[in-house]
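> The structure follows.
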Amino acid sequence: MDLAFLDGPRPRAFAHRGGAAKGDENTAAAFARAVAMGYRYVETDVHATADGIPVVIHDARLDRLAGRPDTIADLTWADLSTIRVGGESAVPRLDEVLDAWPHLRFNIDVKSGAVVEPAVTAIQRAGAGDRVLLASFSDARLARARALAGPRVATSLGMRGVARLRLASLTGLPVRLPESVAAVQIPVRQGVIPVLTPRFLEYVHRIGREVHVWTIDDPEEMRRLLDLGVDGIMTDRVEVLRDVYSARGLWLS
Numbered sequence: 001m002d003l004a005f006l007d008g009p010r011p012r013a014f015a016h017r018g019g020a021a022k023g024d025e026n027t028a029a030a031f032a033r034a035v036a037m038g039y040r041y042v043e044t045d046v047h048a049t050a051d052g053i054p055v056v057i058h059d060a061r062l063d064r065l066a067g068r069p070d071t072i073a074d075l076t077w078a079d080l081s082t083i084r085v086g087g088e089s090a091v092p093r094l095d096e097v098l099d100a101w102p103h104l105r106f107n108i109d110v111k112s113g114a115v116v117e118p119a120v121t122a123i124q125r126a127g128a129g130d131r132v133l134l135a136s137f138s139d140a141r142l143a144r145a146r147a148l149a150g151p152r153v154a155t156s157l158g159m160r161g162v163a164r165l166r167l168a169s170l171t172g173l174p175v176r177l178p179e180s181v182a183a184v185q186i187p188v189r190q191g192v193i194p195v196l197t198p199r200f201l202e203y204v205h206r207i208g209r210e211v212h213v214w215t216i217d218d219p220e221e222m223r224r225l226l227d228l229g230v231d232g233i234m235t236d237r238v239e240v241l242r243d244v245y246s247a248r249g250l251w252l253s
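Counting from 1, position 57 in the sequence shown corresponds to residue 57 in the UniProt record's numbering; the numbering is continuous, with no gaps.
Dropping the structure here:
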């Protein structure tokens, strides 16, 4: 199935959390900066508040972002919206972000079971199903998201799904993936175990899926991965990835 999230040329450049190296990850300022640089894809994360509002933040707690011990799931949106960092709301709502950038594609990491349904509802209400990809380490969360969102909303694979695909690439055994799986999004290695190998990349391409790699901040590693043939790179250092792509004539701003 052709999914609209993957319209356009490869390799894709993803601003991880909008460009986390700047210190304002997953904020309106980060997304606006990435868009101004020419990024068409941003990676972000969602949690749910106590009253079921999907909000854009990586951590379950506010310690690192706002210096507070509060947990997102224990705060209502009314409480959370009063917390400011650098003069703006510390944690934006998912619907606000989707509405603010109607042409931007969002790679959304679903961070908890509680946020699956609210996130899918927000995506549907925004009419954004063709420009999001739902990701998670949890296969169960992704299965629930697929059931709610339908086959035309792109997804990736959870940890068990990636492990099964890795095994299939080694054994040659057939594997069936949900229609909505548009890409396999992986690190180069997990601890000392390689995840991305030429054989794995070739296998994923053979079954018609893309391979996106996270989170790559070193320019030499970016070049190596492009030479290997990956379909997308996620980075915190958005200027570095832009410059690497530009040097190869790959940056389309």
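In this text, a Cβ means the ideal position worked out from N, Cα and C, and glycines have one as well.
(1) Measure the CB-CB distance between residue 195 and residue 186 and report whether it falls below 8 Å.
(2) For residue 198, does the three-state DSSP call read helix, strand or coil?
(3) Under a three-way DSSP split, which group does residue 54 fall into?
(4) Can you tell me which of the three DSSP states residue 71 falls into?
(5) Please give me, in chain order, every unbroken run of the alpha helix (DSSP H) with length at least 4 that falls completely inside the segment 161 to 237.
(6) Can you tell me the Cβ-Cβ gap for residue 112 and residue 154, rounded? I've got them flagged as a contact below 8 Å.
(7) Identify which residue in 210, 209, 237 has its Cα closest to the Cα of residue 221.
(8) Report yes if the C-beta distance between residue 211 and residue 183 is below 8 Å; otherwise report no.
(9) Does DSSP put residue 81 in a helix, a strand or coil?
(10) Less than 6 Å between C-beta atoms, sequence neighbours within five positions excluded: which residues of the same chain meet that for residue 289?
(11) Can you name, in chain order, every residue of its own chain whose Cβ lies under 8 Å from the Cβ of residue 95, other than the five neighbours on each side?
(12) Can you tell me whether residue 25 is buried or exposed, with buried defined as 16 or more other CB within 10 angstroms of its CB?
(13) Kindly give me the distance between the Cβ atoms of residue 130 and residue 160, rounded to whole angstroms, as I take these residues to be in contact under 8 Å.
(14) Count the other CB atoms, across all protein chains shown, that sit within 10 Å of the CB of residue 103; report buried if there are 16 or more and exposed otherwise.
(15) Cα-Cα, which of 81, 198, 119 is closest to residue 27?
(16) Helix, strand or coil for residue 248 per DSSP?
The answer reads as follows:
(1) yes
(2) helix
(3) strand
(4) strand
(5) 198 to 206, 219 to 228
(6) Not quite, the Cβ-Cβ distance comes to about 20 Å (not below 8 Å), so this is no contact.
(7) 237
(8) yes
(9) coil
(10) Within the shown structure, residues of the chain are numbered from 1 to 253, placing residue 289 beyond reach of any answer.
(11) 54, 122, 125, 126
(12) buried
(13) Contact doesn't hold; Cβ gap of about 27 Å is too wide.
(14) exposed
(15) 81
(16) coil
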